[in-house]
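These notes concern the structure reproduced below.
Number of protein chains: 2
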Amino acid sequence: MQKSLSVYDSDGSTFAPLVVIELALETKEEAIAWLLNRVRDKQQYGGAELLVEQLTPGAQGTEKVNPNVYVVGASWQRLLYGAEDVGLFKEFNDGSMRGFTYANKHNFKEFQGDGDGFLSMAECQYIIKHELDNLRAKDEAHVPGYPKMKLYPGKSVIRRMQSKGILVQVFPLHEKEELKRLSFSWYKNIKLSFQPLDDIRHYFGEGMALYFGFLEYFTLALIPMALIGIPYYLFDWEDYDKFTVFAGFNLVWCTVILELWKRLSASLAYGWGTLSRKKAFEEPRPGFHGVLGVNPVTGRAEPLYSNAKRQLRIYLVSIPFVLLCLYLSLYVMMIYFDMEGWALMIHDEEPTFWTGVLLFIPSIIYAVVIEIMNLIYRYAAEFLTGWENHRLKSTFQNHLVLKVLVFNFFNCFASLFYIAFVMQDMVLLRQSLATLLITSQILNQIMEAFLPYWLQRRRNKKAHKRMIKTMGDKELPLSEQVKLEADMSTYLGTFDDYLELFLLFGYVSLFSCVYPLAAVLVVLNNVTEVYSDAFKMCTVFKRPFSEPAANIGVWQLAFEAMSVIAVVTNCALIGMSPQVKSYFPESETQLILWVVGFEHFLLASKFILTFVIPDVPKHIQIKLSRLEFESLEALKKRKMLEASGIPKTDK
Amino acid sequence: MQKSLSVYDSDGSTFAPLVVIELALETKEEAIAWLLNRVRDKQQYGGAELLVEQLTPGAQGTEKVNPNVYVVGASWQRLLYGAEDVGLFKEFNDGSMRGFTYANKHNFKEFQGDGDGFLSMAECQYIIKHELDNLRAKDEAHVPGYPKMKLYPGKSVIRRMQSKGILVQVFPLHEKEELKRLSFSWYKNIKLSFQPLDDIRHYFGEGMALYFGFLEYFTLALIPMALIGIPYYLFDWEDYDKFTVFAGFNLVWCTVILELWKRLSASLAYGWGTLSRKKAFEEPRPGFHGVLGVNPVTGRAEPLYSNAKRQLRIYLVSIPFVLLCLYLSLYVMMIYFDMEGWALMIHDEEPTFWTGVLLFIPSIIYAVVIEIMNLIYRYAAEFLTGWENHRLKSTFQNHLVLKVLVFNFFNCFASLFYIAFVMQDMVLLRQSLATLLITSQILNQIMEAFLPYWLQRRRNKKAHKRMIKTMGDKELPLSEQVKLEADMSTYLGTFDDYLELFLLFGYVSLFSCVYPLAAVLVVLNNVTEVYSDAFKMCTVFKRPFSEPAANIGVWQLAFEAMSVIAVVTNCALIGMSPQVKSYFPESETQLILWVVGFEHFLLASKFILTFVIPDVPKHIQIKLSRLEFESLEALKKRKMLEASGIPKTDK
């Protein structure tokens with residue numbers, strides 16, 4: 001834990017600040033006092049029993065600053081109880097992972113003394129967030145001072161204040177020393193090594209670590225493809241009927257790596273204690289609204305929204321809208337083909353160097369347009385999914401992912417499918433693929449890392465300058481650090497990062513047999529992606545709250561769906577190659593039947609393979625069953641003791 | 001519970017006999033005494049704490065009878081504790097299903113007085129079986145009197161004695177009164193009504209009730225098919241290119257019914273308390289052998305067998321054997337086609353009535369041969385799966401099901417596929433289908449119900465006669481009932497019954513568009529099947545121990561795999577119909593591409609549909625989540641109380 005920064009509690013003792021709460025500038029005094037009181041109150045009275053103090057503004061604060069910034073911390077005991085509350089898994093003395101309990105604390109491997117240092121800072125912050133989110137209204141009818149800000153028993157206070165805008169933000173603090181060490185071992189020190197996944201998990205949580213783990217795994221898995229692709233590219237540039245072998249390899253490759261990733265991610269998640277962790281009951285997400293009713297599961301008062309209405313919105317508005325967007329995307333694609341034809345015409349009429357360059361222009365424009373359309377659609381999808389009014393964050397997320405995936409897939413690959421299967425022009429396919437891939441990579445890197453960094457720099461320039469002037473190399477005071485971090489952009493989750501990987505996976509698995517250099521380009525992109533993502537996480541964004549995750553969730557499904565589509569596409573490409581066609585000189589029907597048969601065989605093998613390879617490695621399965629068995633035995637023993645205490649001859 | 005029969009316990013009180021243990025005739029006295037002692041011993045000393053008495057042979061016992069027959073029962077208290085042990089779910093006062101606990105017993109809906117009648121007889125028998133199976137060796141090195149019958153601490157005594165042949169059988173007793181009522185409402189009283197599934201479950205357990213539920217559901221689901229099929233059969237006998245509509249209907253039908261069954265079976269299982277019941281840790285199955293080692297999960301001494309060896313046996317012996325059998329089956333099929341050709345030749349040369357009959361002979365012979373091959377293969381597969389030495393009964397079962405399914409599928413359908421897609425002879429296909437279907441149904445009914453019944457009758461003729469002579473209409477004494485039931489055949493589980501349904505489902509979903517009467521035949525067969533199965537369960541077989549089951553297990557998967565194959569087959573049949581062919585007069589390639597595209601679209605929709613339709617109905621999902629939520633809340637409350645008792649200011 002950070003020792004350098006500390007805050008004086010109201011009773012004079014110090015505590016380490018972990019999380020920052022920023023209230024709106026004009027928040028009424030009574031609301032603030034009420035909130036702080038609730039946060040500090042003992043748990044048996046329904047409080048969160050946390051430590052919270054107002055941030056003393058920095059000494060050199062000349063400009064107008066928001067005084068309503070509070071730092072939250074907790075005693076070690078409180079955090080340990082909280083760890084039990086959220087169901088944290090930790091390594092036990094015997095090397096297995098077990099749910100932490102306060103009573104049993106001394107039997108956990110890294111528990112020493114009074115438990116200082118047992119929980120990582122990210123875990124402490126996660127616990128505090130959980131406790132704050134679970135701060136519920138008792139009998140207050142509204143937030144004091146705001147008669148319109150209705151509350152009902154059981155409503156999360158923090159969520160209500162957030163949705164009404166009094167609470168500007170809640171975010172965890174960075175730890176400068178740890179961040180420095182992490183960023184050094186992660187990306188500053190350029191050498192050939194794996195990423196420090198455990199350290200990333202320690203600092204940013206399991207969700208983030210799994211993303212970086214997947215990114216790394218995906219890159220490594222692409223290296224064989226890239227190595228095979230280079231000689232193909234160098235020696236067979238025009239002899240593109242040899243790609244059948246490559247397509248076959250492609251098929252095996254994308255099935256196997258996805259299965260192996262499941263096992264690897266299970267291993268990682270077991271070691272991080274998230275594999276067998278039980279999901280807590282999910283609260284309605286902040287944006288959810290409805291008529292106040294009684295939740296049939298919890299029996300608590302809660303807004304309810306009819307499922308039928310939601311279904312109507314999905315089927316009558318969202319789906320037609322998505323279809324309309326797909327049509328629009330097709331329309332843009334046809335325009336691109338017109339431009340392409342026009343450029344080709346000019347080049348054919350009078351070929352010069354400049355008309356040669358002109359041939360690439362339509363593809364580049366199209367790639368840029370695709371990225372812009374994806375971006376606009378993303379906002380529309382987010383709005384629409386919000387409007388569908390899903391109760392849970394996870395359902396919201398799934399519907400959003402589905403909407404965005406379908407459109408992005410269509411938008412990025414429709415033209416390639418058209419070229420491959422309607423125009424059957426392999427030279428054009430290769431050229432389009434290369435342009436799309438390279439352009440979208442360049443755009444992505446700019447949009448994702450350099451643009452936010454540049455904006456951030458510009459914003460903080462003054463602050464930086466002033467600080468360096470006054471402080472030199474000295475430590476920043478807490479108030480300055482909080483101010484600096486509060487102004488950083490908020491990291492919106494791994495969605496866009498996974499989406500990018502998904503599209504890259506598509507380029508490689510669907511068409512790389514036509515353009516074997518695709519894998520090489522994706523490997524290069526991924527290597528820079530690791531660095532730029534690491535850089536943006538450490539310096540551009542606010543620290544995100546850690547998200548416990550046992551797997552990459554809906555993305556596993558998306559990647560598997562893509563690999564099924566890849567089987568179909570690759571089989572079709574194989575069937576279209578002159579090499580295979582030459583085996584069936586008379587009958588095209590025979591050729592197609594063979595290819596279809598082969599494709600069905602591959603799909604069946606794929607499903608059998610998915611079924612046969614266990615998702616969790618054997619040694620972890622054994623550990624999991626042992627835990628389950630032990631808890632069953634303990635229960636049985638307890639029951640037997642209870643039973644033997646009761647006289648049984650009372651017949 | 002049965003009041004009519006009772007046995008005097010050693011201390012003079014009576015108890016209701018539930019389960020019979022039969023030891024071999026020549027079992028040594030000391031082994032018997034030891035076993036009975038262990039069964040009677042208190043639980044804290046490692047006994048089963050059950051009541052057990054030797055059966056007093058009937059007064060008229062003139063022939064030589066085995067005296068080593070024991071009846072087992074238990075006090076109500078013991079059974080209630082046992083119900084908690086096995087994790088029985090019962091209806092709570094608030095209408096939800098909850099895990100039964102002795103401490104909470106008065107809050108369960110049907111608990112009255114001292115709990116007599118709360119558990120059904122089947123449940124009591126299941127509990128007793130569970131307690132007997134869990135009777136474990138303590139420090140005995142072998143069964144007393146049998147130095148070669150090794151025991152080690154933790155070894156199930158009953159299983160060892162069973163595998164060594166001292167224990168002949170353990171079976172639950174029938175309850176004549178209840179059985180009479182059940183059989184009357186089930187099959188004796190011919191009227192149009194659903195089966196009394198709850199009563200079946202009450203008497204035979206959940207596994208059996210789910211089988212009959214599925215049989216009924218499947219029959220009802222077939223009725224629309226049958227209704228559509230009849231006019232097709234009557235009016236379009238020769239116009240078999242109209243079957244495309246029928247094939248389309250077929251596709252939708254088989255996807256939808258399987259999805260709906262999942263929901264229905266979840267509803268049934270919830271009501272029976274098996275849906276959320278946790279699986280206990282699985283013990284090695286009786287036939288499993290290996291070198292004594294330590295189980296990594298339980299830490300108990302247990303035979304271990306290397307997984308690598310098992311894999312070798314599977315891949316080097318079992319799979320080649322199965323492939324060989326498939327080849328053999330193909331060979332037999334080719335012989336059948338030779339016979340078919342020969343019969344056709346004779347008929348064409350000089351057509352008479354008798355040569356017309358001759359045309360059907362090869363199909364009938366082939367159908368009989370298929371049934372015989374299936375039967376022989378079944379034994380081989382059982383032997384082979386036993387030899388693979390699987391540790392768990394469930395894995396054993398899965399490997400056996402897989403082996404048998406693949407062969408039976410191949411054996412039954414290969415000739416039909418050959419006729420449909422290689423010979424493309426729809427008339428022959430229809431004729432073969434009809435012959436196969438009818439012959440196999442007749443054979444099945446004979447093999448399954450009438451043969452055992454006839455054998456049984458013959459065996460019991462003497463006994464019956466004698467009894468009727470001496471007793472008239474009076475109740476049978478217990479000893480006679482036990483003797484009668486001990487001689488009945490043992491019911492070997494629902495495997496063969498499901499297999500039969502699976503093959504019938506195959507006939508209907510794969511080819512019924514060619515022979516629309518198939519659905520009608522299957523409906524007729526299923527109706528008689530309900531009666532013959534009900535009859536055989538009630539009168540032919542020993543009562544089986546009830547098997548708690550939440551779904552039809554691996555069969556759901558098998559039926560779904562079949563429905564996927566049905567999509568492919570039906571699309572191919574559609575593509576081959578003259579009607580569809582006439583849409584593409586010039587290009588066969590175009591036709592195939594369209595059909596393949598359509599098939600891919602159907603397969604994709606099928607998977608999406610499976611994914612979109614929730615497997616558990618909403619109202620049951622809510623009940624399940626409520627239970628989970630309540631247990632989480634209770635845990636939290638308990639922890640909070642504990643925590644508030646501990647001073648927290650000890651920093």
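So the sequences go chain by chain: R and U.
All letters in the first sequence, in the order written, are residues 1 to 651 by full-length UniProt numbering.
All letters in the second sequence, in the order written, are residues 1 to 651 by full-length UniProt numbering.
Virtual Cβ for every residue (Gly too), placed ideally from N, Cα, C.
Fair warning: this is a prediction, and the values are worked out from it, not measured in the lab.
**Positions along the region 593-608 of chain R whose CB lies within less than 8 angstroms of some CB in chain U** = Leu-593, Val-596 and His-600
**Residue(s) in a DSSP beta bridge with R:Arg-136** = R:Ser-156
**Request:** Say whether chain U places a C-beta atom closer than 8 angstroms to the C-beta of R:Pro-17.
**Result:** no
**Asked** Closer than 8 angstroms, CB to CB, is U:Lys-637 near chain R or not?
**Response** no
**Request:** Could you tell me whether the Cβ atoms of R:Val-168 and R:Leu-275 are closer together than 8 angstroms?
**Result:** no
**Asked** Around the Cβ of R:Ser-631, are there at least 16 other Cβ atoms within 10 angstroms (buried) or fewer (exposed)?
**Response** exposed
**Message:** For a cutoff of 8 angstroms on Cβ pairs, would you count R:Arg-626 as touching chain U?
**Reply:** yes
**Item:** Bridge-paired residues (DSSP) for R:Lys-90
**Value:** R:Arg-98
**Request:** Kindly indicate which three-state DSSP category R:Val-317 falls into: helix, strand or coil?
**Result:** helix
**Request:** Apply the 10 Å Cβ neighbour rule to R:Leu-227 and answer buried if 16 or more other Cβ atoms are within range, or exposed otherwise.
**Result:** exposed
**Request:** Ignore the nearest five residues each way along the sequence and tell me which others in R:Ala-209's own chain have a CB closer than 6 angstroms to its CB.
**Result:** Leu-197, Ile-200 and Arg-201
**Message:** By the three-class DSSP mapping on this structure, what secondary structure does U:Lys-279 have?
**Reply:** coil
**Asked** Quick one: does U:Ile-314 have its CB under 8 angstroms from some CB of chain R?
**Response** no
**Within 8 angstroms, strictly: CB atoms of R:Val-368 and R:Arg-430** = no
**Prompt:** Hey, how far is the Cα of U:Pro-231 from the Cα of U:Val-523?
**Reply:** 16 angstroms
**Request:** Drop a sphere of 10 angstroms on the beta-carbon of R:Pro-544, count the other beta-carbons inside from all chains shown, and report buried for 16 or more, exposed for fewer.
**Result:** buried
**Asked** Does the beta carbon of U:Ile-622 sit closer than 8 angstroms to a beta carbon anywhere in chain R?
**Response** yes
**Prompt:** Roughly how many angstroms separate the alpha carbons of U:Leu-179 and U:Lys-542, rounded to a whole number?
**Reply:** 12 angstroms
**Asked** By how many angstroms is the C-alpha of U:Asn-189 removed from the C-alpha of U:Val-508?
**Response** 29 angstroms
**Request:** Using a Cβ-Cβ cut-off of 8 angstroms, state whether R:Leu-304 counts as contacting chain U.
**Result:** no
**Item:** For U:Met-225, the three-state DSSP class (helix, strand or coil)
**Value:** helix
**Message:** Less than 8 angstroms between the C-beta atoms of R:Tyr-366 and R:Ser-440, yes or no?
**Reply:** no
**Asked** Start and end of the beta strand (DSSP E) containing R:Tyr-418?
**Response** No beta strand (DSSP E) contains R:Tyr-418, which DSSP labels as neither H nor E.
**Request:** Name, please, each residue of chain R whose Cβ falls closer than 7 angstroms to the Cβ of U:Glu-588.
**Result:** Thr-589
**Message:** Quick check on U:Val-568 - is its C-beta less than 8 angstroms from some C-beta in chain R?
**Reply:** yes
**Message:** Which residues does DSSP list as the beta-bridge partners of R:Ala-395?
**Reply:** Reading the sequence as shown, one finds Thr at residue 395 of chain R and not Ala. Bridge partners of R:Thr-395: none, in fact.
**Request:** Take R:Tyr-315 and list the residues in its own chain whose beta-carbon comes closer than 7 angstroms to its own, dropping the five residues that flank it on each side.
**Result:** none
**Prompt:** R:Val-252: buried (16+ other C-beta within 10 angstroms of its C-beta) or exposed?
**Reply:** exposed
**Message:** Quick check: what's the CA-CA separation for U:Val-20 versus U:Leu-173?
**Reply:** 7 angstroms
**Asked** If you measure from the CB of R:Leu-416, is any heavy atom of the ligand ZN nearer than 7 angstroms?
**Response** In terms of ligand content, the structure shown is empty, and the ligand ZN therefore cannot be addressed.
**As assigned by DSSP and simplified to three states, the class of U:Gly-115** = coil
**Prompt:** Closer than 7 angstroms, Cβ to any Cβ of chain U: which residues of the region 609-620 of chain R, in chain order?
**Reply:** none
**Request:** Can you give me the Cβ contacts of R:Lys-393 inside the same chain, cut-off strictly under 6 angstroms, excluding the 5 residues immediately before and after it?
**Result:** Arg-285
**Prompt:** Any idea if U:Arg-458 is buried or exposed, counting beta-carbon neighbours within 10 angstroms, 16 or more meaning buried?
**Reply:** exposed
**Residues from the region 374-397 of chain U in contact with chain R, defined by Cβ distance under 9 angstroms** = none
**Message:** What does the alpha-carbon distance come out to for the pair R:Val-567 and U:Val-256?
**Reply:** 27 angstroms
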